[in-house]
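Residue numbers (my numbering): 631 to 875.
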């Protein structure tokens, strides 16, 4: 957000193709807890390969739903999709369909990487064009970009990302190696912390921590967002992977 497994049963079920860190049919399920209370699930999956703008792309889908109890308080039904170029590994398009309480947001974004433009299409035909920088990632494809990188403690990973209608540098701090236990089992992990940077100034968007498996696949095992009144945690509870077509 994404293994040195202790659970042998899980090891038997996992089959990766070569050194590709994520494959078609990979499906990660996370329990989402708010202030320590289970509130719903997020399913993160590589749904297939699609043709986008003349290029083959991994189709990544993230679906978040609150459970029955939390839905009575604040219902969330979010679906975010990204399409990652299979050769250049930057984003080609993104779809956002968010329903959080009374708030609703829908947008489709096409990334013209050759001309450095992001074209946002909304309902009723409205289109807005923004400038982007070279080889930009979106908020979801950024996680999959990091999974392709070598994680060296103390060495930052820096790349361009698009969020909040502007281009940023995303600096990913590689903090430490740590063994953690989640509902899916115990894992050796590498802890990273992404930071947004604009004009050489870090922008405070809330602390986010991601624990990635300490191996060539770098599966997100746990993600935590620190907010003013507590934290939101995504903890891996199930992992199923497939192979490339």
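For each residue, glycine too, the CB sits at the ideal point set by N, CA and C.
Asked	Found
Proximity to residue 699 [Cα-Cα], best of 767, 671 and 689	671
Which residues DSSP lists as bridging residue 790, in chain order	799
Rounded Cβ spacing between residue 746 and residue 761 (contact assumed at less than 8 Å)	6 Å
The stretch 817-827 in contact with the stretch 732-750 per 3-pair CB rule at 8 Å	no
Residue 826 versus residue 813: straight-line alpha-carbon distance, rounded	30 Å
Spatial distance of residue 635 from residue 785 (CA atoms)	Annotation note: pLDDT 26 at residue 635 (below 50); position unreliable, coordinate value reported separately. Those two C-alpha atoms are separated by around 25 Å.
Residue environment, residue 844, which counts as buried when at least 16 other CB atoms sit within 10 Å	buried
Boundaries of the beta strand (DSSP E) in which residue 769 is found, first to last residue	Residue 769 -> no beta strand (DSSP E), and no H or E assigned at all.
For residue 818 and residue 683, the rounded distance between their alpha carbons	39 Å
Residue 840, DSSP secondary structure in three states	strand
Residue 735 versus residue 773: straight-line alpha-carbon distance, rounded	22 Å
Counterpart residues of residue 760 in DSSP-defined beta bridges	748
Segments assigned beta strand (DSSP E), at least 3 residues, entirely inside the stretch 697-740	706-715 and 721-730
Start and end residues, beta strand (DSSP E) containing residue 661	657-664
Residue interval of the beta strand (DSSP E) (run including residue 606)	The chain is shown only over 631 to 875; residue 606 falls outside these bounds and no answer can be derived.
Contact between the stretch 788-804 and the stretch 848-856 (3+ Cβ pairs under 8 Å)	no
N- and C-terminal bounds of the beta strand (DSSP E) containing residue 854	850-857
Separation of residue 788 from residue 685, as counted between CA atoms	25 Å
For residue 681, the nearest candidate out of 705, 722, 669 and 702 (CA to CA)	722
Integer Cβ distance of residue 694 from residue 706, believed to fall under 8 Å	6 Å
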